[in-house]
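Start counting the sequence shown at 140; every next residue gets the next number (the working numbering). Here a beta-carbon is modelled for each residue, glycine too, at the ideal position from N, C-alpha and C. Remember, it's a predicted structure, so these values are computed and weren't measured experimentally. One structure is given here, and the rest of the page talks about it.
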Amino acid sequence: MGVWRNTKYFFRKINRIKKLDSSYRNEESKKIENFEVNFPIYHNPLVSIIIPFYNLENYTKLCLQSIADNLPNISFEIVLVNDNSTEKVNFDDIKNIKIINNEQNIGFLRSINKTIKQVKTPFIYLLNNDTLVKKGFLDELMYVFDNFEDVGAVGSMVLNEDGSLQEAGSFFLQNAKIMQTVDRKKAFYPEHNYIYEIDYCSGCSILFERQKKNGDLVLFDEKFVPAYFEETDLCFQLRYLDKKKIFYTPFSKIIHFNGVSYEQNEKLSERKQALFEKNFNLFKNKWDKELSNIKSQKLQERKNELNGTKEIVFYNGVVPEADKNSGELRLTEIIKAYNKNHYTATIIADRNKIDNPYNISFQKLGICVYYEHGIFFDKFLFLKRLKLKKPVSWFYSVKIFLKEYKPALLANKNTFLIFDMVDIHHLRLKGALQLNPKRFSLKRDYYKFLHQEKKASKRSHITIAVSEFEKRYMLKFVAENKLICISNVHFVKKHADEIPKFSNRTDLLFVGSVHPPNIDAIGFLISEIMPKIWEVDKSIKLHIVGNVAEKLSLQSHENIIVHGFVSDMDDYLLEAKIMLVPLRYGAGVKGKIGQAFEYSLPVITTSIGAEGMSLENMHNAIIADTASEFANAVLNLYNNENLWLKLQRNSEASLKPFSRENLDFQIKKIEERLGINK
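This is the structure:
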């Protein structure tokens, strides 16, 4: 059965890759038919789209048509610069654009500088006239300025007409060797499809601020007249003189008909080559010190050098789905923390696909996300292409560790192995066995996970426990210097004075994913606890949020409201009066309790639910284990405003051990143990 399933997957994968490859091909016509474009007018536009041209009216109109078909959400103006074309050109059929006509041909560089001096917008976007833009071409460039620090310029993914990759940012290697990311790679390869820092980007699609902080205009150096290396020099000015960063984003895409733009009006290839070499030498002389400091000999090495010399690869069954459960949210926070601590971060989830909606949130943070993109051995070859020197390999759960640690070592024998237990599975199963001692499957799984978790913790360089309790427990199997505690990450999202009052709240809330302890807990709640509550107060309703309900055969009850999976929990956490967490077994820390505390929502839980959360009964939560105790606690708190306010006040302080600052501290401890910063 497994062989047949894998065979089906393989053939379906072949078809997906073929469709993916063909989807990047450009099939738009180069003919102009019934051309009429009317651009919107903005009185104070944010960006000037500057399009210089020399002849080639048809290409320029096609470029404008593509902009009209993919209008940016941000405000803009379009400025055409006619560099004294020898052919007759007519743009009367295009409304609401500005045209600057040069009285003599002054070349690309001087045309751009002239226009920058005339416009008044905060941002300049340079676009070749021999291009077609794709949806989001300008908004995605601006996204980088809005979400990254110290941005100097941003460039697009540049595609050839056949859909192949023309440029995904450019780099310098040792001895001033120029490298572009086009080495026999497809445009859809994962290593090109996230935001990353580069040395420079092509002037055919580049966004930068018009003025520096001191008010000086950002202009091309006219030593590079008429063309070649002017945009490279501009990027170096921004990086080395203004201490800015140059970025590439694949979410801005253009098609570039390379070789036909107006700036290629030199008819003699020998003269163009001579001009290229002249300006290259000029550039090298100008930036000799900066170029000599670049020691990378391979493109990927230079890319890693710019984006973080420390390296980490996260392995999981799926790209983290932070809105699905607390474990995935915890991993998301860990990945973000490493990213902010200047790591080149990569996520590998087996059989992930390019259209997974969870990919993009990480790619837009500057994190590379693996997905299927080749027919044979694409994951292994992808890892080899990354050229990582001594990465950390972080495996999320024992299943992932045992599946992936050998391939990780095969791809890079120097990698550090980190086993993130998530929770101790065999402890959770031990608790389930105590409730169901006759279930053979639980006993079998208990011993299986006990063996696997002992094996993984011994093979790894570092084992991550999710609570101090579980860290102490693992001392039976692992040396203390190999153990680190990283719990869930929580922070206050709503303070007590920002949320509805006690008198404005009603009902009870249960949150849970499809996880055996949650399934048992909701069964316990509905069959044993809620009937005792309804005997006293039939008006109290129970709201069940999460896909745990999918595993239950709930009889219809007017006081049970099943919401299923929701991506945004805010309203439920702000409207409920109490969060219920009646867990009878489990391991790790309970994300739903931390989530309630983020919104100052009081919690009633069990001794199992309180594990790892530093909860104190009647101080920051109520702890009750039997059905009667739990029901009485609910009825008391539901009508006791003073107790409710006390728990609410103390919930905020309960989050301090789960802060992002504490996560950063634990990352530093891992670095010290592994000797990463030495």
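Looking at the secondary structure, which residues open and close the beta strand (DSSP E) in which residue i lies?
i    : result
N268 : Run containing N268: none; DSSP gives neither H nor E here.
N801 : Run containing N801: none in the beta strand (DSSP E); it sits in the alpha helix (DSSP H), R799 to L813.
V531 : V531 to Y535
A315 : Premise fails: A315 is in no beta strand (DSSP E) and is neither H nor E.
A307 : Here A307 belongs to no beta strand (DSSP E), and DSSP marks it neither H nor E.
A366 : Where A366 is concerned, there is no enclosing beta strand (DSSP E), given that its DSSP letter is neither H nor E.
N455 : K449 to N455
D584 : Careful: D584 lies outside any beta strand (DSSP E), inside the alpha helix (DSSP H) at F579 to R598.
T320 : Counting along the chain, T320 falls outside any beta strand (DSSP E), and DSSP gives it neither H nor E.
K569 : Segment H564 to L574 is the alpha helix (DSSP H) holding K569; no beta strand (DSSP E) there.
Excluding five sequence neighbours on each side, which residues of the same chain lie with their C-beta closer than 7 Å to the C-beta of residue i?
i    : result
K290 : The sequence shown places Val at residue 290, rather than the Lys named in the question. Around V290: V283, F284, K383, K384 and F386.
P329 : C507, V508, Y509, Y510, H512 and F521
G447 : H481, Y482 and T483
A550 : F519, L522 and K523
F608 : E750 and G751
I451 : Y477, Y482, A484, P530, V531 and W533
D381 : G291 and K351
G685 : V650, G651, S652 and F704
F178 : A207, I217, K234, N235 and I236
E440 : K526
I672 : I679, A770, V773 and L774
Q243 : N223
Considering just the uninterrupted stretch of the alpha helix (DSSP H) at residue i, what are its terminal residues?
i    : result
V675 : M669 to V675
L468 : S465 to K479
A660 : P655 to F663
M613 : E607 to M613
Grab me the residues of residue i's own chain with a C-beta within less than 8 Å of its C-beta, minus the 5 sequence neighbours each way, in chain order.
i    : result
Q350 : P261, L356 and V357
Y148 : R490
I156 : E511, H512, G513 and I514
I188 : I206, F215, E216, I217, V218, Y264, L266 and L277
N229 : E196
K808 : I623
T745 : V720, P721, L722, R723, I762, A763, D764 and F769
Please tell me whether residue i and residue j are closer than 9 Å, where the distance is taken between their beta carbons.
i    : j    : result
Y367 : N424 : no
Q305 : N397 : yes
G308 : F247 : no
P670 : G570 : no
N241 : S214 : no
D676 : Y777 : yes
Y163 : G294 : no
V364 : R249 : yes
S599 : L566 : no
L630 : L681 : According to the sequence displayed, residue 630 carries Phe and not Leu. Not closer than 9 Å, so no.
N464 : S652 : yes
F769 : I743 : yes
L421 : Y335 : no
K526 : K633 : no
F797 : G725 : no
T645 : K716 : yes
Q805 : I668 : no
L470 : D559 : yes
V537 : F588 : yes
Between residue i and the rest of its own chain, which residues show a CB-CB distance below 6 Å, the 5 nearest in sequence each way excluded?
i    : result
N404 : Because N404 carries a pLDDT of 49, less than 50, the predicted location of this residue cannot be relied on, and the following value inherits that uncertainty. Excluding residues within five positions, the ones whose Cβ falls inside 6 Å are Y193.
N789 : H758 and N759
T146 : none
S793 : F736 and N759
N816 : E810
D231 : none
K615 : none
L468 : A461
E369 : L248, F359 and F363
G466 : V561
N756 : I762
A547 : S532 and T554
Consider the C-beta atom of residue i and the heavy atoms of the ligand ADP; say whether any pair is separated by less than 8 Å.
i    : result
D710 : In the structure shown, the ligand ADP is absent, as is every other ligand, since no ligand is present at all.
Tell me, to the nearest whole angstrom, how far the beta carbon of residue i is from that of residue j; I am working on the premise that it is less than 8 Å.
i    : j    : result
V297 : N209 : No, V297 and N209 are not in contact; Cβ-Cβ is about 16 Å, not under 8 Å.
V220 : I255 : Not confirmed; about 11 Å, so no contact.
H622 : A595 : The sequence given here places Leu at residue 622; His does not occur at that position. Not a contact, Cβ separation roughly 13 Å.
I487 : F516 : About 14 Å; that fails the 8 Å criterion.
A635 : L722 : A635 to L722, Cβ: 26 Å. No contact.
L430 : A315 : 5 Å
* Which runs of the beta strand (DSSP E), 3 residues or longer, sit entirely within the region 697-781? -> Whole beta strand (DSSP E) segments, 3+ residues: 699-703, 717-720 and 742-744.
* Asked: Whole beta strand (DSSP E) runs in the region 216-279 with 3 or more residues, listed along the chain?
  -> Within the region 216-279, the complete beta strand (DSSP E) runs of at least 3 residues fall at 237-240, 262-266 and 270-272.
* Asked: Which full runs of the alpha helix (DSSP H) of 4+ residues lie inside the region 328-367, going along the chain?
  -> Those alpha helix (DSSP H) runs which fall completely within the region 328-367 and span 4+ residues do not exist here.
* Which runs of the beta strand (DSSP E), 3 residues or longer, sit entirely within the region 188-216? -> Correct list: empty.
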